[in-house]
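Enquirer: Let me begin by handing over the structure; questions about it come next.
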Amino acid sequence: MTLEEALKLLTLPRVLGKDPEGAEIVAANGRYGPYVKRADDFRSLDSEEKLFTVSLDEALALLAAPKVRQRRAAAPPLREMGPDPITEKPMVIKEGRFGPYVTDGEYNASLRRGQTPEELTIEQASEMLAEKRAKGPAPKKKVAAKKAPAKKAADEKAPAKKAAAKKATPAKKAAAKKAAPKKATASAE
Numbered sequence: 000m001t002l003e004e005a006l007k008l009l010t011l012p013r014v015l016g017k018d019p020e021g022a023e024i025v026a027a028n029g030r031y032g033p034y035v036k037r038a039d040d041f042r043s044l045d046s047e048e049k050l051f052t053v054s055l056d057e058a059l060a061l062l063a064a065p066k067v068r069q070r071r072a073a074a075p076p077l078r079e080m081g082p083d084p085i086t087e088k089p090m091v092i093k094e095g096r097f098g099p100y101v102t103d104g105e106y107n108a109s110l111r112r113g114q115t116p117e118e119l120t121i122e123q124a125s126e127m128l129a130e131k132r133a134k135g136p137a138p139k140k141k142v143a144a145k146k147a148p149a150k151k152a153a154d155e156k157a158p159a160k161k162a163a164a165k166k167a168t169p170a171k172k173a174a175a176k177k178a179a180p181k182k183a184t185a186s187a188e
């Protein structure tokens, strides 16, 4: 890093000016990259070089535009199958995260190995969805799993205490036997 680059970085955050309402507009580099800020409103910049070149007008245009999320848009269906013979809902084949699947809008069924969206028949798709309906919704996972290990730890400690108590008992009996004759001799005198 050169001295010029370091001095350039020390100018950040860079105040661009004020908007018509009087709020200060700033260009800065943050955790998720370069951005423009007005009060609590943030917009990302395309590159770090824009931190030093963005003007007040460009920043106002960015802040006026709606926020853009980096999420993927929904893909169009691979194939429309027509209505399900059982439920009369329209069946569609879509591409999902784990491969193609058939859906009626309520239930989803993954295509089996060897099946392609082009070769799948309406009867096969309807049968796959009927199997999913018969299974019902997936069971929800229990959140209270953290309490179970605590009980196990307590159960593990209990046998250890019992074992320690059993070992201590013979020692107490031996001590009691030794102490008993002394008391008996003391009381006999």
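With numbering that gives the first Met the number 0, letter number 19 in the sequence shown gets 18, and the count goes up by one each step, no holes. Backbone N, C-alpha and C fix where the C-beta goes; we use that ideal spot for every residue, glycine too.
Which full runs of the beta strand (DSSP E) of 3+ residues lie inside the stretch 64-115, going along the chain?
Expert: Complete beta strand (DSSP E) runs here, min 3: 78-82, 89-95, 98-102, 107-109.
Enquirer: If we count the other Cβ atoms within 10 Å of its Cβ and call it buried at 16 or more, is Tyr31 buried or exposed?
Expert: Exposed is the call here.
Enquirer: Which residues mark the beginning and the end of the alpha helix (DSSP H) in which Arg132 is found?
Expert: Start and end: 121-134.
Enquirer: Between the stretch 118-134 and the stretch 71-89, do three or more beta carbon pairs fall short of 8 Å?
Expert: Yes: the two stretches touch, three or more of their Cβ pairs being nearer than 8 Å.
Enquirer: How about Pro116 and Leu77: are their beta carbons less than 8 Å apart?
Expert: Yes, the Cβ-Cβ distance between Pro116 and Leu77 is below 8 Å.
Enquirer: My guess is that Pro12 and Ala22 are in contact by the Cβ rule of under 8 Å, so how many angstroms apart are they, rounded?
Expert: The Cβ separation is near 15 Å, so there is no contact.
Enquirer: Which residues does DSSP pair with Ser43 in a beta bridge?
Expert: Tyr34, per the DSSP bridge assignment.
Enquirer: Leaving out five residues on either side along the sequence, give the residues of the same chain with a beta carbon under 7 Å from the beta carbon of Asp40.
Expert: Answer for Asp40: Leu62, listed in chain order.
Enquirer: Looking at C-alpha atoms only, which residue of Lys88, Glu79, Ala73 is the closest neighbour of Gly95?
Expert: Nearest option by C-alpha distance: Ala73.
Enquirer: Whose C-alpha, out of Val101, Leu59, Arg37, Phe51, is nearest the C-alpha of Leu9?
Expert: Leu9 has its Cα closest to that of Phe51, out of Val101, Leu59, Arg37, Phe51.
Enquirer: Take Asp18 and list the residues in its own chain whose beta-carbon comes closer than 7 Å to its own, dropping the five residues that flank it on each side.
Expert: Ile24, Arg37, Leu59, listed in sequence order.
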